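Enquirer: Sequential numbering from 1101 applies to the sequence shown in our numbering. Questions regarding the structure given below will be posed in turn.
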Amino acid sequence: MKPNRLQRPQGPRSTTGRWLVAAFLACGLAACGGGDDDDDQPPPVDPPADATVVNTQGGIVKGSQRATLRAWLGIPYAAPPVGALRWKPPQPAAAWAGVREATAFGNHCPQPDTAPLQYGTPGGQEDCLYLNVYAPTTPGPHPVMVWVHGGAFYLGRSNGYDPTRLVEQGVVVVTLNYRLGALGFLAHPALNDAQGRSGNYALMDQQLALKWVQSNIANFGGDAGNVTLFGQSAGGASVVTQLASPLAAGLFHKAIVQSGGYMSVQPSGAAAQAAGVAAAATLGCPDDANAANCLRALPVDQIVAKQPRAYAPNVDGALLTQTTAAAFASASFNKVPVLTGATHDEYTVFQYSQSEMRNGPLTAADYPAAVAAAVVGTALSAEQALALYPLSAYESPSLAISALRTDATFVCGGRRLARGLMNQVPVYTYEFDDPNAPMSLQPPASFPYKSYHAAEIQYLFDVPTAAGQTLNAQQRDLAASLVAYWTNFAKTGNPNGTTASAWPRYDANDRYWRLAPEGNAVITDLSEEHHCEAWTPGV
């Protein structure tokens, strides 16, 4: 028997219809221009105030009315991080006079061109710290969901995600840009503050956006006391970091981590600064004594072209006082309900972009070397990994190595996160498994992408897709259930909402909720299927 699916929750009814009825009745009583006796006319009926005009601490913004929601785009939440503010903590945006049009997206943050992959948007401007607000047309206060986009911390933008499906379930959604790449993460002794800290600017941006939400979202119909922070990939890792950051305390009340449990240990501040010195030399600023001035004078396109492409938050002693793993183990984190999970075949997209696109399909002859490279720094030897992932069990060497890396990084890393939190806060875990999910990120590969990294996003948001890549009827049902689960969690801290429980709370029984087109159901064999006892022994 297939499990019961959640139905999409229905938000409160719009007041628009009631106003139209009142106006029609008033018009009828006044004979709508057909009467001759002014003494018999009722008082005129004022039209409703423009619901797209909202006051913020920075000034008034005017958004747009859509069929089922209101939208305000390109609202600045921070001063442009340019000139002397490059590689500095974000500062609040300056106030403006008059009414600011909020009907077009703000600039996206600088990032490289990844063509033929569709991971990012080339170009961008440093003046990019903008957010977007999408709200129901019905009166609030509504729960708030703040989305942090992914992109390996050096790609992505907020305006690639249309949250209409979520907003239609009675939540306010905020999407935001944050600094990327070297501009968001470079640590260097010359950039240190008075306490010897640098880097983590992207995470500071996210925190300032959350503070903006606390100060302003009520005017958009949102509930500042019920904010869910959610993100995917680097966005999910950002959520994990904010869970562990003492500076984020009170800024959100629930967390959703999508494919973001892969990073449990962050570099120390000293290690990040040492890497930053090397990066500065690559960028053309090898002189430590003059590095700050040199770096801030560099053209942004030179930074984007020459920057490394591996970034992570660092333990700077302020935003992060310890690694996220240590914070969770010591119960020194922001204790909120957490929903977390991964897709079944995360690594297939990376197998194409990092291997096949450059070197062609992985061959059986090259498979042992690929396994040996993949297990460096893990709990397994190459021989053990080859025994767990024999070529005979997979359709191709590419799918075999993808399974290994999916398990080692995303699935078992996410399970480690869940087990570290389960006795301290409510945790709900999932595995998204649609082997036929439409692919829009990159060209076809020699192997099927299956339930690839980021596949679930198109089930939550309306996102750009490749020609002909649309959800079929089963997938649309799956999308409806994901939207219901995510918004129920935002409303109540439980993906089941107020209905009878079907998705169980995660505990020592290791029960996951499998999200699949043929029906959602509890699974108890995730650790066995993905060899988590081998990758994360004792967890």
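From the three backbone atoms N, C-alpha and C, an ideal C-beta is built for every residue, glycine too. Treat the numbers as computed from the prediction; the structure is a model and nothing was measured.
Three-state secondary structure (DSSP) at residue 1640?
Expert: Look at the range of the chain in this structure, 1101 to 1639, and you will see that residue 1640 is not part of it.
Enquirer: So, are the CB atoms of residue 1506 and residue 1445 less than 7 Å apart?
Expert: yes
Enquirer: Does DSSP classify residue 1628 as helix, strand or coil?
Expert: Here residue 1628 sits in helix by DSSP.
Enquirer: Just to confirm the assignment, what range does the alpha helix (DSSP H) spanning residue 1175 have?
Expert: Looking at the DSSP string, residue 1175 is not in any alpha helix (DSSP H); the run it does join, the beta strand (DSSP E), is 1169-1176.
Enquirer: Does the separation of the CB atoms of residue 1514 and residue 1579 fall below 7 Å?
Expert: no
Enquirer: Which residue's Cα is closest to the Cα of residue 1348: 1310, 1468, 1328 and 1384?
Expert: 1310
Enquirer: Closer than 8 Å by C-beta to residue 1563: which residues in its own chain qualify, once you throw out the five before and the five after it? Chain order, please.
Expert: 1260, 1261, 1262, 1540 and 1557
Enquirer: Rounded to whole angstroms, what is the Cα-Cα separation between residue 1433 and residue 1422?
Expert: 10 Å
Enquirer: How many angstroms separate the CA atom of residue 1524 from the CA atom of residue 1431?
Expert: 8 Å
Enquirer: Considering only residues of the same chain and omitting the five flanking positions on each side of residue 1534, which have a CB-CB separation below 7 Å?
Expert: Around residue 1534: 1551, 1555, 1575, 1578, 1616 and 1617.
Enquirer: Per DSSP, what kind of secondary structure is residue 1179 in: helix, strand or coil?
Expert: coil
Enquirer: Nearest by alpha-carbon distance to residue 1598: which of 1585, 1606 and 1607 is it?
Expert: Nearest of 1585, 1606 and 1607 to residue 1598, Cα basis: 1585.
Enquirer: Is it right to say residue 1142 is buried, meaning 16 or more other beta carbons lie within 10 angstroms of its own, or is it exposed?
Expert: Summary for residue 1142: the model assigns pLDDT 47, below 50, so the residue's position carries little reliability; its value from the coordinates is reported in the next sentence. Answer is exposed; the Cβ neighbour count stays below 16.
Enquirer: So what does DSSP say about residue 1634, is it helix, strand or coil?
Expert: Helix at residue 1634.
Enquirer: Once the 5 residues before and after residue 1637 are set aside, which same chain residues still bring their CB inside 7 Å of it?
Expert: Correct list, in chain order: 1479.
Enquirer: For residue 1424, report the span of its alpha helix (DSSP H) as first-last.
Expert: Element bounds for residue 1424: 1424-1429.
Enquirer: State whether the region 1246-1260 contacts the region 1327-1347, with contact taken as three or more CB pairs (one from each stretch) at a distance under 8 Å.
Expert: Touching, per the Cβ criterion.
Enquirer: What residue does the beta strand (DSSP E) around residue 1355 start on, and which one ends it?
Expert: 1354-1358
Enquirer: Leaving out five residues on either side along the sequence, give the residues of the same chain with a beta carbon under 6 Å from the beta carbon of residue 1314.
Expert: 1324
Enquirer: Would you kindly check if the distance between the Cβ of residue 1234 and the Cβ of residue 1171 is under 7 Å?
Expert: Going by beta carbons, residue 1171 and residue 1234 fall inside the 7 Å limit.
Enquirer: DSSP beta-bridge partners for residue 1236?
Expert: 1169
Enquirer: Within a Cβ cutoff of 7 Å, which residues of the same chain sit near residue 1530, ignoring the five residues on either side of it in sequence?
Expert: 1441, 1612, 1613 and 1615
Enquirer: For residue 1628, is the classification buried or exposed, using 16 other Cβ atoms within 10 angstroms of its Cβ as the cut-off for buried?
Expert: So residue 1628 ends up on the exposed side.
Enquirer: Tell me the DSSP secondary structure of residue 1414 in three-state form.
Expert: coil
Enquirer: Can you list, in chain order, the residues of its chain with a C-beta nearer than 7 Å to that of residue 1453? Leave out the 5 residues immediately preceding and following it.
Expert: Once the five neighbours on either side are set aside, the close Cβ partners of residue 1453 are 1217 and 1542.
Enquirer: Along the chain, where does the beta strand (DSSP E) that runs through residue 1329 open and close?
Expert: 1322-1332
Enquirer: Mind checking residue 1397: buried by the 16 CB within 10 Å criterion, or exposed?
Expert: Classification for residue 1397: exposed.
Enquirer: Assuming contact is defined by CB atoms lying nearer than 7 Å, are residue 1326 and residue 1156 in contact in what I supplied?
Expert: no
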